[in-house]
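Here's the structure we're looking at; comments come further down.
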Amino acid sequence: MIEINTRLWLKQLRVKYSLPEMTLSAVPDDEWLELRHLGIDIVWLVGVWEPSPESERIARQDRALLEELKGLQPGFGPEAVGSSPYSVHWYRLNGELGFEWELKALREKLNSMGMKLMVDLVSNHTSRDNPGIAECPDCFINGSEEDFKAHPDWFFETEVDGRKRYIAYGRDPNFPAWTDSAQFNYFNPATRERMLSVLMRIADMADGVRCDMVMLTLNEIHDTTWGWLLNRGGYKRPHDEFWEHAIRSVKEKHPQFTFLAEVYWGLEWRVQQIGFDYTYDKGTYDRLRFQGPQEVRGHLRAEKLYQKRSARFIDNHDEQPSLTAFGRQKALAAGVVISTIKGLRFYNDNQLDGVKARVPLQLKELYERVPDLEIKKFYAKLLKITDHPAFHGGEWALLDVKQCDKEDRTNANILAWSWAQRRTLKVVVVNYSAEPSCGVVNVSIKSEGETTAIFEELSDRFFSFKASELSGGLRLQAMAPYTAYIFDVEF
Numbered sequence: 000m001i002e003i004n005t006r007l008w009l010k011q012l013r014v015k016y017s018l019p020e021m022t023l024s025a026v027p028d029d030e031w032l033e034l035r036h037l038g039i040d041i042v043w044l045v046g047v048w049e050p051s052p053e054s055e056r057i058a059r060q061d062r063a064l065l066e067e068l069k070g071l072q073p074g075f076g077p078e079a080v081g082s083s084p085y086s087v088h089w090y091r092l093n094g095e096l097g098f099e100w101e102l103k104a105l106r107e108k109l110n111s112m113g114m115k116l117m118v119d120l121v122s123n124h125t126s127r128d129n130p131g132i133a134e135c136p137d138c139f140i141n142g143s144e145e146d147f148k149a150h151p152d153w154f155f156e157t158e159v160d161g162r163k164r165y166i167a168y169g170r171d172p173n174f175p176a177w178t179d180s181a182q183f184n185y186f187n188p189a190t191r192e193r194m195l196s197v198l199m200r201i202a203d204m205a206d207g208v209r210c211d212m213v214m215l216t217l218n219e220i221h222d223t224t225w226g227w228l229l230n231r232g233g234y235k236r237p238h239d240e241f242w243e244h245a246i247r248s249v250k251e252k253h254p255q256f257t258f259l260a261e262v263y264w265g266l267e268w269r270v271q272q273i274g275f276d277y278t279y280d281k282g283t284y285d286r287l288r289f290q291g292p293q294e295v296r297g298h299l300r301a302e303k304l305y306q307k308r309s310a311r312f313i314d315n316h317d318e319q320p321s322l323t324a325f326g327r328q329k330a331l332a333a334g335v336v337i338s339t340i341k342g343l344r345f346y347n348d349n350q351l352d353g354v355k356a357r358v359p360l361q362l363k364e365l366y367e368r369v370p371d372l373e374i375k376k377f378y379a380k381l382l383k384i385t386d387h388p389a390f391h392g393g394e395w396a397l398l399d400v401k402q403c404d405k406e407d408r409t410n411a412n413i414l415a416w417s418w419a420q421r422r423t424l425k426v427v428v429v430n431y432s433a434e435p436s437c438g439v440v441n442v443s444i445k446s447e448g449e450t451t452a453i454f455e456e457l458s459d460r461f462f463s464f465k466a467s468e469l470s471g472g473l474r475l476q477a478m479a480p481y482t483a484y485i486f487d488v489e490f
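Quick note on numbering: numbering that gives the first Met the number 0 labels position 290 of the sequence shown as 289, and the sequence is numbered without any gaps.
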């Protein structure tokens, strides 16, 4: 899956093709086919929905955001700032991107090329100027005037039918509120009905949704965060989760529709159990970035169905670019890891081009985007390698790595796994450390005489192994720091 910042991407294409009025339906087929040739199965277009004028106004007053944009390009000021894609004004296609019919037409085009279209559902909140507030104010968390005065950073004042309302901002309880948003009340059946209708409408236009901050909508978390207001309003905690009924209802009509949840706090398995096809895997990200190979290995011992439903990433719009966050060599090694383990492999378009600066999603003007050609070439090769059927339909196995000798314990730095399908065996080995390491990978490879040549796909060369180096497993001497091998073994 690839994440694309739609607003900026389309502007780049307008310049590239000298077509200032280009909309989604006019994007040349070659642009989509290039993604398919990389092995992309799902195109996630971020920011396709109608933007919020109020969100744009608020974003233009955000000093931290403005400073970040100046760091990206010194000339940027408030006029370069648009609304947040996660403060949705209405679930209609953003007029800057085209007409409403174009989204469905794009889905059909991508399907014909063997890809799916994914879009966003911001399930926890909406923009504070969303028309739904006037239509159903009780579909949102309401406070009193006293609450508003006590916590002006938690509520905003609005008027509905001549009556003042104090609507809560959308909020993760661990962080300040999102002041351009309005918090849904999921204990109100009317809210659930409205959100289900939004989902059904999206399912008629796209093949899947990436659902923002799903854990905030779970009954337990919703109760913990907002229970004091919900109880006062007479709302009872429902017996079932919103998602159980919603996912079941959508899939009755669209069986192949895909649900991806952004979820943290160790709630991934729980969210998978209520019907999500995939969940964010922040656990692997954190272990790759902040910990080490032993912690990564431990995480990969989790139940296989959980692994299969995990979305693996080292880059997305919420994180610093991997080249900056990890450092160059470590980022490339981490890229091999997330590209070759079980689960949904999830990339950001800037990641594949080697962009080192974080690009805020509120930016609506083009910046000087300079791809790193070496990184671009690396990912083009890696994604082509992992597009092999063995990496999709094969049997995955985590492999132990033994010591080369009693004194050398660097085998602990080495991660290894295999994919087996019919007569093909792919063996992935990564030295995920800053020191040269030696290990014997516990995999059975039949030797052919005194020496056996095995093709390594990342370097496009054959490795020659003596029979003694294959007798007890695959012996790898002095792997350089953050080196990765993908061996192709035919048998």
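Glycine included, every Cβ here is placed at the ideal spot set by N, Cα and C.
By how many angstroms is the C-alpha of W418 removed from the C-alpha of S338?
12 angstroms
Whole runs of the beta strand (DSSP E) within the region 182–213, excluding any shorter than 3 residues
207–210
3 or more residues per run - each beta strand (DSSP E) lying fully within the region 261–299:
Counting whole runs of 3 or more residues, the region 261–299 contains the beta strand (DSSP E) stretches 277–279.
For H316, the nearest candidate out of Q293, V335, N347 (CA to CA)
N347
Would you check if the region 245–255 and the region 93–108 touch, i.e. whether three or more CB-CB distances between them fall below 8 angstroms?
Contact check between the region 93–108 and the region 245–255: fewer than three CB pairs, one atom from each, fall below 8 angstroms, which does not count as touching.
In the DSSP assignment, what are the bridge partners of R460?
E455
Uninterrupted beta strand (DSSP E) stretches inside the region 104–187 (no shorter than 3 residues)
115–120, 124–126, 154–159, 162–167, 180–182
Look at the Cβ atom of L497, then the Cβ atom of V26, and state whether they are nearer than 8 angstroms.
With the chain represented from 0 up to 490, any question about residue 497 goes unanswered, as that position is not in the structure.
For the alpha helix (DSSP H) holding F377, just list the boundary residues, first then last.
372–384
Less than 8 angstroms between the C-beta atoms of I340 and R311, yes or no?
Closer than 8 angstroms, so yes.
D206: which of I166, I413, K252, A176 sits nearest, CA to CA?
Checking every option, the nearest Cα to that of D206 belongs to K252.
What does the alpha-carbon distance come out to for the pair V427 and L331?
14 angstroms
Taking a contact to mean a Cβ-Cβ separation below 8 angstroms, would you say V197 touches Y90 in this structure?
Contact annotation: V197 and Y90 have beta-carbon atoms nearer than 8 angstroms.
Whole beta strand (DSSP E) elements within the region 387–463, 3-residue minimum:
394–397, 413–420, 423–430, 436–440, 450–455
Touch test, the region 393–413 against the region 466–482, Cβ-Cβ under 8 angstroms, three pairs minimum
yes
Assuming contact is defined by CB atoms lying nearer than 8 angstroms, are A181 and H124 in contact in what I supplied?
Judged by their CB atoms, A181 and H124 are nearer to each other than the 8 angstroms cut-off.
Looking at the secondary structure, which residues open and close the alpha helix (DSSP H) in which Q328 lies?
327–339
Comparing C-alpha positions only, which one of L343, I3, R170 sits nearest to G392?
The shortest C-alpha separation from G392 is found at L343.
Could you tell me how far apart the beta carbons of A452 and S463 are, in whole angstroms, since I believe they sit closer than 8 angstroms?
5 angstroms
Can the beta-carbon of L414 be found less than 8 angstroms from the beta-carbon of V336?
Yes, Cβ-Cβ distance for L414 and V336 is below 8 angstroms.
Three or more beta-carbon pairs under 8 angstroms between the region 127–141 and the region 151–171, yes or no?
yes
Local Cβ density within 10 Å of R127, reported as buried at 16 or more and exposed below that:
buried
Per DSSP, what are the beta-bridge partners of K235 in this structure?
DSSP lists no partner for K235.
Taking the continuous beta strand (DSSP E) assigned at I41, which residues delimit it?
Where I41 is concerned, the enclosing beta strand (DSSP E) stretches over 41–45.
Leaving out five residues on either side along the sequence, give the residues of the same chain with a beta carbon under 6 angstroms from the beta carbon of A389.
W418, Q420, T423, K425
Does DSSP put A310 in a helix, in a strand, or in coil?
The answer is strand: DSSP assigns A310 an E or B state.
Alpha carbon to alpha carbon, what distance is there between S17 and Y279?
Annotation: Y279 to S17 spans about 37 angstroms, alpha carbon to alpha carbon.
From this set, L102, L382, P359, which residue's C-alpha is nearest W528's C-alpha?
Here the chain covers residues 0 to 490 and nothing more, so residue 528 does not appear.
Straight-line Cα distance separating V159 from G334
G334 and V159: Cα-Cα distance of roughly 50 angstroms.
Does the pairing of the region 270–284 with the region 300–309 give three or more beta-carbon distances under 8 angstroms?
yes
I need the DSSP call for R91, collapsed to helix, strand or coil.
strand
For P50, which three-state DSSP category applies?
For P50, the secondary structure class from DSSP, reduced to helix, strand or coil, is strand.
In whole angstroms, what separates the C-alpha of A133 from that of R162?
11 angstroms
Just to confirm the assignment, what range does the alpha helix (DSSP H) spanning R35 have?
28–36
Leaving out five residues before and five after P292 in sequence, what residues of the same chain have Cβ atoms less than 6 angstroms from its Cβ?
Taken in chain order, the residues that qualify are N412, L414, Y431.
So is the beta-carbon of K69 under 7 angstroms away from any non-hydrogen atom of the ligand SAM?
In terms of ligand content, the structure shown is empty, and the ligand SAM therefore cannot be addressed.
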